[in-house]
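Chains as they are written, first to last, in this note's numbering: chain A, 1 to 218; chain B, 1001 to 1218. C-beta: ideal position from N, C-alpha, C; glycine also. See structure below.
Protein chains: 2
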Amino acid sequence: MGDEQGSAPTKPRRISQRGIATRERILEAANRLMFVRGVNATTLDDVREASQTSKSQLYHHFADKQELVRALVRYRGALVLQRERGGLERLRSFSGLVRWRNALVQANSLNNGKYGCGLGSMAVELSDQDEQARSMLSETFAAWEKLISDGLHRMRDSGALRQEAEPEKLATGLMAALQGGYLLANTAHDVGPMEVALDMALEHIKSFLTEPSGESTR
Amino acid sequence: MGDEQGSAPTKPRRISQRGIATRERILEAANRLMFVRGVNATTLDDVREASQTSKSQLYHHFADKQELVRALVRYRGALVLQRERGGLERLRSFSGLVRWRNALVQANSLNNGKYGCGLGSMAVELSDQDEQARSMLSETFAAWEKLISDGLHRMRDSGALRQEAEPEKLATGLMAALQGGYLLANTAHDVGPMEVALDMALEHIKSFLTEPSGESTR
DNA sequence: TATATACGGGACTAAATAGTCCAAAATGAG
DNA sequence: CTCATTTTGGACTATTTAGTCCCGTATATA
């Protein structure tokens, strides 16, 4: 040991379609299971069974459980950001924000508020346990918030939001309301708190609108 | 088995001072360890060692790990509610709310945002795993929110808040901002997001004040 | 087609962790 | 003081779970 270069000369390591597919199957299974049971409460045997693979495949594609979890953090992060890009990339008006809110609430209400946010729950479980995972999650949250703040910037530039509005802070507040909403909804098994929390954050943003519009957020 | 009365005739079961003290020591240790490492990542041997007890004592005072965790949920719930009663029972003005916010932020900043809320992190870790724990946590959150909404009710009754303010919703929003703030702060290892989130919620409450006061929340 | 290497099945080992047990010491009621 | 009961130490077992290994099969490149 110790004769491996720090900056590995990246051994060729061929890769086949089948291999890629297996790796994907493992990640998908881990994603599903760890979403409903949590990371630490999910065993590798659970993952093996759900992904229709074997022990050797798990360890062929991932060094150990920690690496699988880290891969999952990346995997979920990519999924969430992709989904959120769809809903936020074109954001230019307050009503767009309301539509975004409604989509999140709707999705969460399908589970009666259960399970929470795939990113948020990993953040709670891993932040005090795996520094690398924590740092990836932190970056993912930052990227997510940036999608929001970019939209708010566009709204400010177009004159929809007043100049003194601070997009970054508004985005952070909205993200906190979202995460706290997920947490309370999960604990209560009821989406209600999530709706209330998001509406509060939207009201706050609304207070920076140049021409205050109608009442309801729906 | 099965010959035990449903409504147990509660065998006398004497209890000694020493026994109570040991039980307390175990709970204290579990509380400390599980706060920094999380519930699932803390083993009974960790608890035994930290509490200077033995295996038999753990199982003398708690049926199994799950029962210990449930006892901890009660324990922490009581601690938090007691602490919060101190800060909220006399709440009658917006500046009281600001002081409350500052105390929470200050406490959390001592850990640079780490560890999050003792209740919130348990809620995330246990809600999808132990129905009884989830339900206790849900009730504890409700009681906590009630401390806030009671204060807001007093403010509304005294005319500080406008009639159309809805204390329950405002309290839920504030709690979500707090929990989301804890989560983001823990992930970022920085209290910043928690401050921003709480300030958003306070601004929102401020917008219901009858006589808008000064600017800063500090 | 040859052959090196990725990929896979699944039994096996190792480690961590929960949970049991019993004999002894402390304690409190009568 | 006596005696039943609680409390305790700590070795022991059981179970769960991570991680290893061997050997066979599929796949890609030459």
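For residue i, which of the options has the nearest alpha-carbon?
{"i": "A/GLU49", "options": "A/ALA30, A/ASN40, A/ASP64, A/ALA63", "result": "A/ALA30"}
{"i": "B/VAL1191", "options": "B/ASP1130, B/GLU1131, B/ALA1107", "result": "B/ALA1107"}
{"i": "B/GLU1139", "options": "B/THR1043, B/TYR1059, B/SER1056, B/VAL1073", "result": "B/VAL1073"}
{"i": "A/LYS206", "options": "A/ARG162, A/SER16, A/LEU119", "result": "A/ARG162"}
{"i": "A/SER121", "options": "B/LEU1137, B/GLY1180, B/TRP1144, B/ASP1157", "result": "B/GLY1180"}
{"i": "A/GLU211", "options": "A/MET155, A/THR187, A/LYS146", "result": "A/MET155"}
{"i": "A/TYR115", "options": "A/THR187, A/SER149, A/ASP128", "result": "A/THR187"}
{"i": "B/LEU1035", "options": "A/LYS65, A/ASN112, A/GLN129, A/SER93", "result": "For the record, residue 1035 of chain B in the displayed sequence is Phe; it is not Leu. Looking at the Cα atoms, A/GLN129 is the closest of the given residues."}
{"i": "B/VAL1069", "options": "B/GLU1164, B/LEU1027, B/SER1149", "result": "B/LEU1027"}
{"i": "B/ARG1083", "options": "B/VAL1098, B/ALA1071, B/GLY1096, B/ALA1103", "result": "B/ALA1103"}
{"i": "B/SER1135", "options": "A/HIS189, A/GLN57, A/SER127", "result": "A/HIS189"}
Work out the CA separation of residue j and residue i for me, nearest whole Å.
{"i": "B/ARG1037", "j": "B/VAL1080", "result": "19 Å"}
{"i": "A/LEU209", "j": "A/GLU166", "result": "12 Å"}
{"i": "A/LEU44", "j": "A/ALA63", "result": "12 Å"}
{"i": "B/ALA1078", "j": "A/HIS60", "result": "48 Å"}
{"i": "A/ARG85", "j": "A/LEU147", "result": "7 Å"}
{"i": "A/LEU170", "j": "A/ALA143", "result": "14 Å"}
{"i": "B/GLU1203", "j": "B/ALA1176", "result": "14 Å"}
{"i": "B/ALA1185", "j": "A/TYR75", "result": "23 Å"}
{"i": "A/LYS55", "j": "B/GLN1066", "result": "29 Å"}
{"i": "B/LYS1011", "j": "B/GLY1118", "result": "Low per-residue confidence applies at B/LYS1011: pLDDT is 47, beneath 50, and the placement is therefore not dependable, though the value from the model is reported in the following sentence. Straight-line Cα distance between these residues: approximately 35 Å."}
{"i": "A/ALA123", "j": "A/ALA41", "result": "15 Å"}
{"i": "B/SER1158", "j": "A/LEU137", "result": "45 Å"}
{"i": "B/ARG1099", "j": "A/SER51", "result": "52 Å"}
{"i": "B/VAL1132", "j": "A/GLN17", "result": "Residue identity differs from the one stated: residue 1132 of chain B is Gln in this sequence, not Val. Near 46 Å, if we compare the C-alpha coordinates of A/GLN17 and B/GLN1132."}
{"i": "B/ASN1111", "j": "B/ARG1032", "result": "14 Å"}
{"i": "B/ASP1046", "j": "B/GLY1019", "result": "20 Å"}
{"i": "B/SER1149", "j": "B/GLU1168", "result": "5 Å"}
{"i": "B/ARG1025", "j": "B/ARG1014", "result": "19 Å"}
{"i": "B/LEU1088", "j": "B/LEU1097", "result": "8 Å"}
{"i": "A/PHE141", "j": "A/THR53", "result": "32 Å"}
{"i": "B/ALA1071", "j": "A/GLY113", "result": "25 Å"}
{"i": "B/SER1127", "j": "A/VAL196", "result": "20 Å"}
{"i": "B/ARG1101", "j": "B/GLU1164", "result": "24 Å"}
{"i": "A/HIS153", "j": "B/SER1109", "result": "30 Å"}
{"i": "A/ARG23", "j": "A/LEU58", "result": "8 Å"}
Bridge partners for residue i per DSSP, in chain order?
{"i": "A/LEU209", "result": "A/LEU161"}
In this structure, how does DSSP classify residue i when only helix, strand and coil are distinguished?
{"i": "B/ILE1015", "result": "coil"}
{"i": "B/GLU1203", "result": "helix"}
{"i": "A/GLU89", "result": "coil"}
{"i": "A/HIS189", "result": "coil"}
{"i": "A/THR42", "result": "coil"}
{"i": "B/LEU1097", "result": "helix"}
{"i": "A/GLY180", "result": "helix"}
{"i": "A/PHE35", "result": "helix"}
{"i": "B/GLY1120", "result": "helix"}
{"i": "B/PHE1141", "result": "helix"}
{"i": "B/ASP1128", "result": "coil"}
{"i": "B/TYR1115", "result": "coil"}
{"i": "B/ASP1150", "result": "helix"}
{"i": "B/SER1109", "result": "helix"}
{"i": "A/VAL69", "result": "helix"}
{"i": "B/THR1053", "result": "coil"}
{"i": "A/ALA197", "result": "helix"}
{"i": "B/GLU1166", "result": "coil"}
{"i": "A/ALA63", "result": "coil"}
Could you round the C-beta distance between residue i and residue j to whole angstroms and report it? I think they count as a contact, below 8 Å.
{"i": "A/MET194", "j": "A/TYR182", "result": "6 Å"}
{"i": "A/GLU125", "j": "A/VAL39", "result": "5 Å"}
{"i": "A/VAL105", "j": "A/LEU178", "result": "Not quite, the Cβ-Cβ distance comes to about 10 Å (not below 8 Å), so this is no contact."}
{"i": "A/PHE94", "j": "A/ALA160", "result": "7 Å"}
{"i": "A/LEU91", "j": "A/GLY173", "result": "Between A/GLY173 and A/LEU91 the Cβ distance is about 16 Å, and since that is not below 8 Å, they are no contact."}
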